[in-house]
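S.K.: What follows is a structure written as structure tokens; I'll ask about it next.
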Amino acid sequence: MEFGVNAYPEVKMDNLKEQLYSVSSPLDLLVDSNYMSQAIADEGEVGGNIGAGLDWGLLMGSLLSDLPLLGRLTTLRISLNREARLTIEALNLGDGTKQITRTARACIKNRLLSPTEAAIPHIKAVLLQDNLYTEEYISNRQVLKSLLKELLTDSDREEIATAGASLIRTQILSQLN
4 MEFGVNAYPE VKMDNLKEQL YSVSSPLDLL VDSNYMSQAI ADEGEVGGNI GAGLDWGLLM
64 GSLLSDLPLL GRLTTLRISL NREARLTIEA LNLGDGTKQI TRTARACIKN RLLSPTEAAI
124 PHIKAVLLQD NLYTEEYISN RQVLKSLLKE LLTDSDREEI ATAGASLIRT QILSQLN
């Protein structure tokens with residue numbers, strides 16, 4: 004029996020793995036719609052485990068060697084989720100706040116994984132602003148609000164609003180019966 008490198012014949016890789024080999028920067032994967040579609044599907048298959056949908060495969064070494072980028076991507080997502088939550092809480096929607104916030108977080112995640120062409124330059128611009136990444140989260144709410152406006156699509160906003168309307172409707176109907 005043969006061991007080592009030659010023990011396993013080379014396997015033909017599917018398109019996604021070929022993309023991983025050909026990408027020079029992990030940030031490029033964020034704007035690759037095929038890769039992001041697969042990442043979202045992978046994340047959904049494991050019950051929302053965000054690590055599954057962000058499996059960088061062979062580029063994990065490159066991403067780990069660029070810890071500032073990895074840190075900024077993480078900080079950006081946390082900050083956008085926080086800004087969405089604070090904005091929704093300010094609307095005083097009561098019990099509906101949690102469900103609406105969950106829906107907003109899902110929309111933010113999907114848009115970061117698969118941004119629109121129009122949103123890409125805005126995401127990159129925020130990632131490149133060194134002064135934003137001095138704390139655990141981005142405290143400049145104006146920057147975050149501006150990015151959310153560019154990041155979320157009209158259908159995302161509609162989905163968030165529908166989640167709130169549906170929950171409030173259910174509560175009213177249950178209280179009046």
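Residue numbers (the numbering used here): 4 to 180.
Glycine is no exception: its CB is placed at the ideal position from the N, C-alpha and C atoms.
1) Alpha carbon to alpha carbon, how far is ARG80 from ASP157?
2) If you draw a straight line from the alpha carbon of LEU57 to that of LEU179, how long is it in whole angstroms?
3) Count the other CB atoms within 10 Å of the CB of PRO118; is the residue buried (16 or more) or exposed (fewer)?
4) What does the Cβ neighbour count give for SER142, buried or exposed, with the cut at 16 atoms within 10 Å?
5) Since I believe TYR136 is in contact with ALA78 (beta carbons under 8 Å), could you give me their beta-carbon distance rounded to a whole number of angstroms?
6) Report, in whole angstroms, the separation of the C-beta atoms of LEU150 and LEU83, which I expect to be a contact under 8 Å.
7) Relative to the C-alpha of ASN113, which residue among ARG172, ILE175, LEU72 and GLU162 is closest?
8) Can you tell which of ALA122, VAL129 and ASP159 has the C-alpha that lies nearest to the C-alpha of ALA87?
9) Do LEU130 and ARG75 have their C-beta atoms closer together than 9 Å?
10) Here's a check: name, in chain order, each residue in its chain whose Cβ is nearer than 7 Å to the Cβ of LEU182, leaving out the five neighbours to either side.
11) Over the uninterrupted alpha helix (DSSP H) stretch that includes THR137, give me the two end residues.
12) Label ALA122 either buried or exposed according to how many other C-beta atoms from any shown protein chain fall within 10 Å of its C-beta, with 16 as the threshold for buried.
13) Measure the C-alpha to C-alpha separation of ASN134 and LYS152 and round it to an integer number of angstroms.
M.R.: Considering the structure as presented:
1) Your numbering for residue 80 matches position 77 in the sequence shown. Your numbering for residue 157 matches position 154 in the sequence shown. Cα-Cα distance, rounded: 20 Å.
2) Stepping through the sequence shown from its first residue, residue 57 is reached at position 54. Stepping through the sequence shown from its first residue, residue 179 is reached at position 176. Per-residue confidence for LEU57 stands at a pLDDT of 47, beneath the threshold of 50, marking its modelled position as unreliable; the derived number appears in the next sentence. Whole-angstrom Cα-Cα distance: 45 Å.
3) The residue you call residue 118 lines up with position 115 of the sequence shown. By the neighbour-count rule (16 or more Cβ atoms within 10 Å), PRO118 is buried.
4) As a first step, residue 142 is located in the sequence shown; it is residue number 139 there, counting from the start. Exposed is the call here.
5) On the sequence shown, residue 78 is found 75 positions in, with the first residue counted as 1. On the sequence shown, residue 136 is found 133 positions in, with the first residue counted as 1. Just to set this straight, residue 78 is Thr in the shown sequence, not Ala. At roughly 6 Å, the Cβ-Cβ gap stays under 8 Å, so THR78 and TYR136 are in contact.
6) Residue 150 sits at position 147 when you count from the first residue of the sequence shown. Residue 83 sits at position 80 when you count from the first residue of the sequence shown. With 8 Å as the limit, LEU150 and LEU83 qualify as a contact, their Cβ atoms being about 7 Å apart.
7) In the sequence shown, residue 113 corresponds to position 110, counting from 1. Ranking ARG172, ILE175, LEU72 and GLU162 by Cα distance to ASN113 puts GLU162 first.
8) Here residue 87 corresponds to residue number 84 of the sequence shown, with the count starting at 1. Nearest C-alpha to ALA87: ASP159.
9) Looking up residue 130 in the sequence shown gives position 127. Looking up residue 75 in the sequence shown gives position 72. For LEU130 and ARG75, yes; Cβs fall inside 9 Å.
10) Any question about residue 182 goes unanswered here, given that the chain covers just 4 to 180.
11) Numbered from 1 along the sequence shown, position 134 holds the residue referred to as residue 137. No alpha helix (DSSP H) contains THR137, which DSSP labels as neither H nor E.
12) Looking up residue 122 in the sequence shown gives position 119. So ALA122 ends up on the buried side.
13) Taking the sequence shown and counting its residues from 1, the one referred to as residue 134 is at position 131. Taking the sequence shown and counting its residues from 1, the one referred to as residue 152 is at position 149. Their Cα atoms are separated by approximately 21 Å.
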